[in-house]
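Asker: Throughout, the working numbering is defined as the position within the sequence shown, counted from one, plus 252. The structure's right below; bear with me while I get my questions together.
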Amino acid sequence: MRRSGRGFGGRPHGAGGRGAGQDGSLAGLWGGAGLPGWEGRGLVAAPLTTDLFFWILARVCGLTSFGALAISLLTGAALRTAVLDWLGSNRSLRSLHEYTAVLWIPLGVLHVGSLLLDHTARVGLLDLVVPFRMPYGALAIGLGTLTLWIFALVAVTGWLKRRMAAGVWQWIHRLSYVAFGLLFLHALLGGTDFSDPVVSALTWSVAFGLATITAARVLWGRLPA
């Protein structure tokens with residue numbers, strides 16, 4: 253399918269925007285005139301430039317990092333919900349939670365690093381520190397910056413858990429839900445991937461799942477950490 257070359261916040265990506273084959277279709281991964289068997293179906297193949305490679309890598313790593321975080325939050329919340337106490341001793345679920353809680357980090361680093369190396373995106377090191385200063389998509393990218401810092405705080409304090417007061421650690425750890433909400437908005441506003449029905453359905457399913465588990469914790473309480 254042919255899609256418009258739009259980037260963060262619905263604005264053209266970069267100064268002039270990317271073509272449909274670059275920003276809107278993974279067909280841009282392939283060089284040449286077309287994809288075998290897909291001629292006439294509206295798919296556009298574009299030469300794989302360096303910037304295009306980093307842009308696609310950023311999108312893939314961003315989506316997979318989002319997915320890992322979603323699984324981590326869902327499993328972590330389920331493990332501590334009283335009404336789901338039968339899951340508390342499930343080793344497989346706990347292992348999945350611990351694995352995805354780490355998996356998102358290298359994927360997130362690749363996402364950010366790819367955007368830094370993509371000259372068309374024009375994301376600089378300062379944008380990783382100071383939010384909402386980009387000349388385009390300031391809200392979407394700014395939310396991503398805030399998300400980065402909050403999740404970094406949660407990750408670092410997670411490693412220092414044994415050296416911190418339990419109450420302090422728990423409140424910092426709960427910021428991960430706030431950060432995920434910001435990440436959701438960052439992803440929703442920051443590109444075209446979430447217009448895909450499959451990606452959109454999975455994303456809203458995660459949001460519904462988190463809302464349901466949160467409501468269950470409010471109504472029936474939580475298990476001790």
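Glycine included, each C-beta is placed from N, C-alpha and C at the ideal position. Treat the numbers as computed from the prediction; the structure is a model and nothing was measured.
Tell me whether T352 sits in a helix, a strand or coil according to DSSP, three-state version.
Answerer: Translated into the one-based positions of the sequence shown, residue 352 becomes position 100. If DSSP states are grouped into helix, strand and coil, T352 belongs with the helices.
Asker: What's the call for A392, buried or exposed, on a 16-neighbour Cβ count within 10 Å?
Answerer: On the sequence shown, residue 392 is found 140 positions in, with the first residue counted as 1. By the neighbour-count rule (16 or more Cβ atoms within 10 Å), A392 is buried.
Asker: Among L441, V408, S457, which residue has its Cα nearest to the Cα of L428?
Answerer: Taking the sequence shown and counting its residues from 1, one reaches residue 428 at position 176. Reading off the sequence shown, one finds Ser at residue 428, where the question assumed Leu. Among L441, V408, S457, the Cα nearest to that of S428 is on V408.
Asker: Helix, strand or coil for T464? Go by DSSP, reduced to three states.
Answerer: In the sequence shown, counting from the first residue as 1, residue 464 sits at position 212. It is helical.
Asker: Kindly list the residues whose CB is nearer than 7 Å to the CB of T397, restricted to its own chain and excluding five residues on each side of it in sequence; keep chain order.
Answerer: On the sequence shown, residue 397 is found 145 positions in, with the first residue counted as 1. Correct list, in chain order: D379, L380, P383.
Asker: In this structure, does DSSP put V312 in helix, strand or coil?
Answerer: Sequence index remark: in the sequence shown, residue 312 carries index 60 (1-based). Here V312 sits in helix by DSSP.
Asker: Would you mind stating whether V335 and A468 have Cβ atoms separated by less than 8 Å?
Answerer: For this step, residue 335 is matched to residue 83 along the sequence shown. For this step, residue 468 is matched to residue 216 along the sequence shown. Cβ distance < 8 Å, so V335 and A468 count as in contact.
Asker: Beta carbon of L321, beta carbon of V364: below 8 Å?
Answerer: Taking the first residue of the sequence shown as position 1, residue 321 is located at position 69. Taking the first residue of the sequence shown as position 1, residue 364 is located at position 112. No, Cβ-Cβ distance for L321 and V364 is not below 8 Å.
Asker: Closer than 6 Å by C-beta to S452: which residues in its own chain qualify, once you throw out the five before and the five after it? Chain order, please.
Answerer: In the sequence shown, the residue the question calls residue 452 occupies position 200. Closer than 6 Å at Cβ, skipping near neighbours: F446.
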